[in-house]
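Numbered according to my numbering, the sequence shown terminates at residue 154, and the numbering increases by one at each position without gaps. First the structure, in the form of structure tokens, and then the observations on it.
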Amino acid sequence: MNLVEDQQAPRSAEGEAKVITLCGSTKFEAEFAEVNQRLTMEGCVVISLGMFSLPDLPDYDWTVDSSDLKGRLGGVHFQKIRMADEVYIVDPGGYLGESTRREIAYAESLGKPVRYLSRERLAQTGDGLQE
24 MNLVEDQQAP RSAEGEAKVI TLCGSTKFEA EFAEVNQRLT MEGCVVISLG
74 MFSLPDLPDY DWTVDSSDLK GRLGGVHFQK IRMADEVYIV DPGGYLGEST
124 RREIAYAESL GKPVRYLSRE RLAQTGDGLQ E
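Structure, rendered in structure tokens:
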């Protein structure tokens, strides 16, 4: 048995590895990678963003397709949220854009637990306001 097998991994209600969908701004690609790695090492199944920038495709004009593309990608991400046991918001410094706010509202409407990177960092450092 190795170190990973010895640790108790987070489990869903069905006893399987917990599925966590990451949400947040595409400008935080490095933070997404860090969170993805940490949660994966904890034994979770992580669903992340499909891309952080539009691919450079020869002979394809993204500006013509931008509104339809944004809607399609948003729909795919909502499906990723539906598939999750939990949603994890990658929000360094507490930054939440419009799309991320929409995703949080959707996750909450489905009763999904929502965690925030910024709040976990505050709890770890002991910074923040006392209630």
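All residues carry an ideal CB built from backbone N, CA and C; glycine is no exception. Owing to the predicted nature of the structure, the values given are computational and were not obtained by experimental measurement.
- Task: May I ask you to report which of helix, strand or coil DSSP gives Glu109?
- Result: strand
- Query: Do Arg95 and Ile112 have their CB atoms nearer than 9 Å?
  - Reply: no
- Given Met64 as reference, the closest of Leu92, Ile43, Glu52 once Cα atoms are compared: Ile43
- Task: Could you name the residues that DSSP lists as bridge partners for Ile43?
- Result: Val69, Glu109
- With distances taken between CB atoms, is the gap from Ile70 to Lys103 smaller than 9 Å? yes
- Message: Excluding the 5 residues flanking Pro16 on each side, which residues of the same chain have their C-beta closer than 7 Å to its C-beta?
- Response: This structure cannot speak to residue 16, because the chain is shown only from 24 to 154.
- Query: Got a sec? Which residues, its chain only, sit under 6 Å from Glu39 by beta carbon, not counting five neighbours each side?
  - Reply: none
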